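Worksheet for the structure shown next.
Chains as they are written, first to last, in this note's numbering: chain C, 1 to 314; chain S, 1 to 390.
Structure follows, in structure tokens:
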């Protein structure tokens, strides 16, 4: 299905002195799509977001939001964007409700619309019962949720989330991820930066793997995994006649390689889940008594390692 | 414009809620005014309390003027005086032994000498514990003798003119005891001079205004440090709105704090600054001048800590040079430079209004303050931006 383009970025470059922080970055996001920028700290993700949000100018390249060119001077166009900065951008002396209403007014909301939308967002982020409390009394997770709530209060066409789960406990993190999943289903385009592989895999329709200011690869999770050769690993643990089992499995279509010893076998295969049943049958038929079976699929960590030669968290 | 006022209202709400403005802009300066007035207020006119005094006097004058002089001393309106009459020979001893403040020995022919134009001598003896009360009493006796001397002069002049002796006596007595035709009364004029208490109230108000307006630029730096600045910049508000809002917050806080300090200072320390309308003009002008300094600070600093230091230095230099603690005297170029200090202009303006001056009388101080605001604002644009502006 063709989605209406909300954000288009072409040939974006940003330099600080001799250092090129963002180097020829291009991508686009459609309505209802969640697009991830996955890369380690210092890869250039926040600089890209700052240019897309109109906070800093690009040296070269173009940014289009809802069909219009975005620059720091594009005042009106900024109402199409909801920015959730990496830092907690909330006022500690104000209540949750006051924080939402302040930024809502700056985004042009007023009167009943502002009141209604504030209530909806407080419900969405699970803070309706704490709306009247000053946010300095909130936990880190509650502050993070409010931080996101402010960004989506005015129903922006494009929601930009910059590492929204940094420093958050697992429970709040899951709550945040569920909220982001819900937003995409409402038709909002989401630009999501993270250095957590699991978050990118769970949330994003398409992912750009970024390192040293350049997009190294872009696509769906499956497309990116294909870049590594697209092979899975099946680990068979057990005893019995493992030698006969290895010989039988090597003859099975789809099996590329078999390694192993007395305690088990490791198979390299195409489409691990699809081959699981025949693999178990062949191994048992050859006299191997299985105690456990595990399929290990390549992940984005493997992709990043494959593309850059270093681990994602380096 | 809507975004601007939304930001201003939000900032004011936070400043009031965190109480730092109330403490630093109102409580601290009022406390400092109180301390300074306790320390220096005693030097102000009319504020010295004279203790009751005792005078030992001889009263052997055969006429009426000796008693008239002692009655005048005893009925002084500025202090309680008790006159105890003894013989002339006992005045010195009694004064020393009883701890009296002053002894007065009037000659037996005091009235005769005054009315006939003869020379006379009145002796005074200072008590062992002589203080300011003794000095006051001697001054009073001296002044009374001066008036009596007028009688002596009148008698001498009448004698030279050949007036009869009985007429001469009456003329001299009338000249000595009569009401003076010329009197000196103290009034007020727009002489740019405040009382000491007035100077302390005005000076401390001006000094702390420079700190108060700094809350605007500090707010901007706090936004950056909290991370809210980037979120504000991502909203659809016109460029320059954020810095304008911060300056406006500083200006409003400055005007309100200055008005409250002047009003509270007037009530607590008994100072009057004259026409409220003209004083309001001065307050608006000095707040504008002080706020313009924050534009320069915002250009030069990178952090709230640097802003605090810069604002404190500016406040202390301009405050002290402007006479916030004590009047500064200078001449030549330095005097001209100090005349351009907005705090000095503010205090000078309040001196004029306190003396009854109107809008036209404060035109020069107003021009100085508004000129300072204009120049500082323009100068800030020429300075390199080190990152605090929004």
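Quick reminder that beta carbons are idealized off the backbone N, C-alpha and C, glycines included.
Since we're looking at a predicted model, the values are computed, not measured.
Boundaries of the beta strand (DSSP E) in which residue 120 (chain S) is found, first to last residue: Position 120 of the second chain, counted from the start, is the residue given in the question as residue 120 (chain S). No beta strand (DSSP E) holds residue 120 (chain S); DSSP gives it neither H nor E.
Cα-Cα separation between residue 78 (chain C) and residue 118 (chain C), rounded to whole angstroms: The sequence position of residue 78 (chain C) within the first chain is 78, counting from 1. The sequence position of residue 118 (chain C) within the first chain is 118, counting from 1. C-alpha separation (whole angstroms): 20 Å.
Range covered by the beta strand (DSSP E) that runs through residue 218 (chain C): On the first chain, residue 218 (chain C) is found 218 positions in, with the first residue counted as 1. Here the beta strand (DSSP E) through residue 218 (chain C) covers 214–219.
For residue 19 (chain S), the first and last residue of its enclosing alpha helix (DSSP H): Position 19 of the second chain, counting from 1, holds the residue named residue 19 (chain S). No alpha helix (DSSP H) contains residue 19 (chain S), which DSSP labels as neither H nor E.
Residue 347 (chain S) vs residue 254 (chain S) beta-carbon contact at 8 Å: As a working mapping, residue 347 (chain S) is identified with position 347 in the second chain. As a working mapping, residue 254 (chain S) is identified with position 254 in the second chain. Their beta carbons are not under 8 Å apart, which means residue 347 (chain S) does not touch residue 254 (chain S) by this criterion.
Any chain S beta carbon closer than 8 Å to residue 75 (chain C): Position 75 of the first chain, counted from the first residue, corresponds to residue 75 (chain C). Closer than 8 Å to some Cβ of chain S, the Cβ of residue 75 (chain C) qualifies, so yes.
Validate contact between the segment 106–126 of chain C and the segment 139–155 of chain C using beta carbons, cut 8 Å, 3 pairs: yes
Rounded distance between the beta-carbons of residue 9 (chain C) and residue 26 (chain C), thought under 8 Å: For the purposes of this step, residue 26 (chain C) is taken as the residue at position 26 of the first chain. For the purposes of this step, residue 9 (chain C) is taken as the residue at position 9 of the first chain. About 6 Å separates the two Cβ atoms, so the contact holds.
Backbone CA spacing between residue 190 (chain C) and residue 263 (chain S) [nearest angstrom]: The residue given as residue 190 (chain C) occupies position 190 in the first chain. The residue given as residue 263 (chain S) occupies position 263 in the second chain. Taking the straight line from one Cα to the other gives about 56 Å.
Own chain partners of residue 400 (chain C) with C-beta closer than 8 Å, once the 5 adjacent residues on each side are dropped: This structure does not reach residue 400 (chain C), given that chain C is present from 1 up to 314, and the question cannot be answered.
Proximal residues of chain S, C-beta to C-beta of residue 85 (chain C) below 9 Å: Locating residue 85 (chain C) in the first chain gives position 85, where the first residue counts as 1. Near residue 85 (chain C) (Cβ distances below 9 Å), the residues of chain S are 227, 228, 230, 231, 234.
Own chain residues within Cβ distance below 8 Å of residue 144 (chain S), not counting five before or after: In the second chain, residue 144 (chain S) corresponds to position 144, counting from 1. Same-chain partners within the cutoff: 69, 72, 73.
Per-residue burial, residue 326 (chain S) [other beta carbons within 10 Å of its own, 16 or more giving buried]: The residue given as residue 326 (chain S) occupies position 326 in the second chain. Under this definition residue 326 (chain S) is an exposed residue.
Contact set between residue 219 (chain S) and chain C, taken where Cβ atoms lie within less than 7 Å: As a first step, residue 219 (chain S) is located in the second chain; it is residue number 219 there, counting from the start. The contacting residues do not exist; residue 219 (chain S) stays about 11 Å from chain C at best.
Among S:126, S:226, S:114, the one whose alpha carbon lies nearest that of residue 398 (chain S): The shown model of chain S, from 1 to 390, leaves out residue 398 (chain S), and the question about it has no answer.
Identified DSSP bridge partners for residue 159 (chain C): Against the first chain, residue 159 (chain C) aligns to sequence position 159. In DSSP, residue 159 (chain C) forms a bridge with C:82, C:190.
Neighbour flag for residue 89 (chain C) against chain S, beta carbons, 8 Å: Walking along the first chain from the start, residue 89 (chain C) turns up at place 89. Cβ-Cβ to chain S under 8 Å: yes for residue 89 (chain C).
At least 3 beta-carbon pairs within less than 8 Å: the segment 207–216 of chain S vs the segment 21–38 of chain S: yes
Interface partners of residue 3 (chain S) on chain C, CB under 7 Å: On the second chain, position 3 is the one that residue 3 (chain S) refers to. The answer, in chain order, is 106.
Inter-residue spacing [alpha-carbon to alpha-carbon] between residue 247 (chain S) and residue 213 (chain C): Residue 247 (chain S) sits at position 247 when you count from the first residue of the second chain. Residue 213 (chain C) sits at position 213 when you count from the first residue of the first chain. Taking the straight line from one Cα to the other gives about 38 Å.
Identity of the residues DSSP links to residue 62 (chain C) by a beta bridge: In the first chain, counting from the first residue as 1, residue 62 (chain C) sits at position 62. According to DSSP, residue 62 (chain C) bridges with C:10.
Short CB-CB distance (under 8 Å) between residue 304 (chain S) and chain C: Counted from its first residue, the second chain places residue 304 (chain S) at position 304. No, residue 304 (chain S) does not count as interfacial toward chain C.
Neighbour flag for residue 18 (chain S) against chain C, beta carbons, 8 Å: As a working mapping, residue 18 (chain S) is identified with position 18 in the second chain. It does; some Cβ of chain C falls within 8 Å.
Burial state of residue 298 (chain C) (16 or more Cβ within 10 Å): Residue mapping note: residue 298 (chain C) aligns to position 298 of the first chain, counting from 1. When all chains shown are included, residue 298 (chain C) counts as buried.
Residue 85 (chain S), DSSP secondary structure in three states: As a first step, residue 85 (chain S) is located in the second chain; it is residue number 85 there, counting from the start. Note: residue 85 (chain S) maps to strand in three-state DSSP.
Beta-carbon separation (whole angstroms), residue 260 (chain C) vs residue 275 (chain C), contact threshold 8 Å: Along the first chain, one-based indexing puts residue 260 (chain C) at 260. Along the first chain, one-based indexing puts residue 275 (chain C) at 275. Going by Cβ atoms, the distance from residue 260 (chain C) to residue 275 (chain C) rounds to 16 Å, so no, they are not a contact pair.
Counterpart residues of residue 311 (chain S) in DSSP-defined beta bridges: Residue numbering aside, residue 311 (chain S) sits at position 311 when the second chain is read from its first letter. DSSP, once it has assigned bridges, lists no residue as partnering residue 311 (chain S).
Reduced DSSP secondary structure (H/G/I, E/B, other) of residue 288 (chain C): As a first step, residue 288 (chain C) is located in the first chain; it is residue number 288 there, counting from the start. In the structure shown, residue 288 (chain C) sits in a strand (DSSP, three-state: E or B).
Any C-beta of chain C under 8 Å from that of residue 376 (chain S): By 1-based counting over the second chain, the position of residue 376 (chain S) is 376. No, because no Cβ of chain C sits closer than 8 Å to the Cβ of residue 376 (chain S).
Simplified DSSP assignment, three categories, for residue 64 (chain S): Along the second chain, one-based indexing puts residue 64 (chain S) at 64. DSSP places residue 64 (chain S) in coil when its eight states are reduced to three.
Cα-Cα separation, residue 231 (chain C) to residue 271 (chain C): Position 231 of the first chain, counted from the start, is the residue given in the question as residue 231 (chain C). Position 271 of the first chain, counted from the start, is the residue given in the question as residue 271 (chain C). Going by the C-alpha atoms only, they are around 7 Å apart.
Where residue 164 (chain C) falls, given that 16 or more other Cβ within 10 Å makes a residue buried: The residue given as residue 164 (chain C) occupies position 164 in the first chain. Flag for residue 164 (chain C) reads buried.
Contact set between residue 202 (chain S) and chain C, taken where Cβ atoms lie within less than 9 Å: Here residue 202 (chain S) corresponds to residue number 202 of the second chain, with the count starting at 1. Under the 9 Å cutoff, chain C gives no residues; its nearest Cβ is about 33 Å from residue 202 (chain S).
Cβ-Cβ separation, residue 359 (chain S) to residue 278 (chain S) (assumed contact under 8 Å), whole Å: The sequence position of residue 278 (chain S) within the second chain is 278, counting from 1. The sequence position of residue 359 (chain S) within the second chain is 359, counting from 1. Their Cβ separation, rounded to whole angstroms, is 6 Å, which keeps residue 278 (chain S) and residue 359 (chain S) in contact under 8 Å.
First and last residue of the uninterrupted alpha helix (DSSP H) at residue 90 (chain C): Residue mapping note: residue 90 (chain C) aligns to position 90 of the first chain, counting from 1. Counting along the chain, residue 90 (chain C) falls outside any alpha helix (DSSP H), and DSSP gives it neither H nor E.
Limits of the unbroken beta strand (DSSP E) element including residue 20 (chain C): The sequence position of residue 20 (chain C) within the first chain is 20, counting from 1. Start and end: 19–30.
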